[in-house]
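Student: All residue numbers for the sequence shown refer to the working numbering, where the first residue is 5 and numbers rise by one. The structure follows.
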Amino acid sequence: MPHVMELLGKARVVVKDGRVVEVGEPEIEWCPLFAKLRGVQNITREDVKKSIESRIRDVGMFTPGRKLLELDTYVAFGASEIMMSCLRRGFLDTTVTACDGAGTVIASNPALVQGIGGRMSGLIETEPIGGVIEGIQKFGGTVLDPSTAAIDPVRGAKKAAELGYRKIANRGFCGNRQRVAKA
């Protein structure tokens, strides 16, 4: 199973073995954030491909060498940046999010939350990557289903509550559309 993500311009991208194998047409032509940060005025498939390839190169996204810890912020208003700050200040006990190569992750380590989510867009589907799962566990995270890397925010929140967490942030993520549609 490949990794599937929606990103820049709501374009669908497929990655297999750490390489981009498919880039769909962007549904959105312009993004104020990418216009300001990257100078992109009209989003093209090539811009989308460059964006995902930079994530693969910079943080090892979709590879066993995935960089999992990060304390730097990419934007001041991102979901992972907000969750990281709330964990640091005690406003949250844990988070439920999705990581390429691991699926749903329960994490209370602020650096792990930012490392996973700082460059993450709409992860639709992923497959297990042993090195990513082991790294998440090493840094105190819980992978909901290591054998399948399922993306299931509802099961993730239930598991976090079972583990005794009460102040839980659940990052809204795409997940497998077929599974969500059946839920």
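A virtual CB, placed ideally from N, CA and C, is assigned to each residue, including glycine.
Counting beta carbon pairs with one atom in the stretch 80 to 87 and one in the stretch 131 to 138, are three or more of them shorter than 8 Å?
Tutor: Cβ pair count under 8 Å is below three, so no.
Student: Going by other Cβ atoms of all chains shown within 10 Å of its Cβ, with 16 needed for buried, is residue 5 buried or exposed?
Tutor: By the 10 Å Cβ count, residue 5 comes out exposed.
Student: State buried or exposed for residue 36, treating a residue as buried only when at least 16 other CB atoms are found within 10 Å of its CB.
Tutor: Burial call: exposed.
Student: Figure out for me which residue from 110, 116, 106, 51 has the closest Cα to the Cα of residue 74.
Tutor: The shortest Cα separation from residue 74 among 110, 116, 106, 51 belongs to 116.
Student: By Cβ distance below 8 Å, which residues in the same chain neighbour residue 123 in space, the five residues on each side in sequence not counted?
Tutor: If we look at residue 123 and ignore the five residues flanking it on each side, its Cβ neighbours are 59, 62, 63, 65, 78.
Student: Out of 169, 168, 161, which one is the CA nearest neighbour of residue 175?
Tutor: Ranking the options by Cα distance to residue 175, first place goes to 161.
Student: With a CB to CB cut of under 8 Å and the five nearest residues on each side skipped, what residues in its chain are close to residue 171?
Tutor: Once the five neighbours on either side are set aside, the close Cβ partners of residue 171 are 95, 96, 97, 98.
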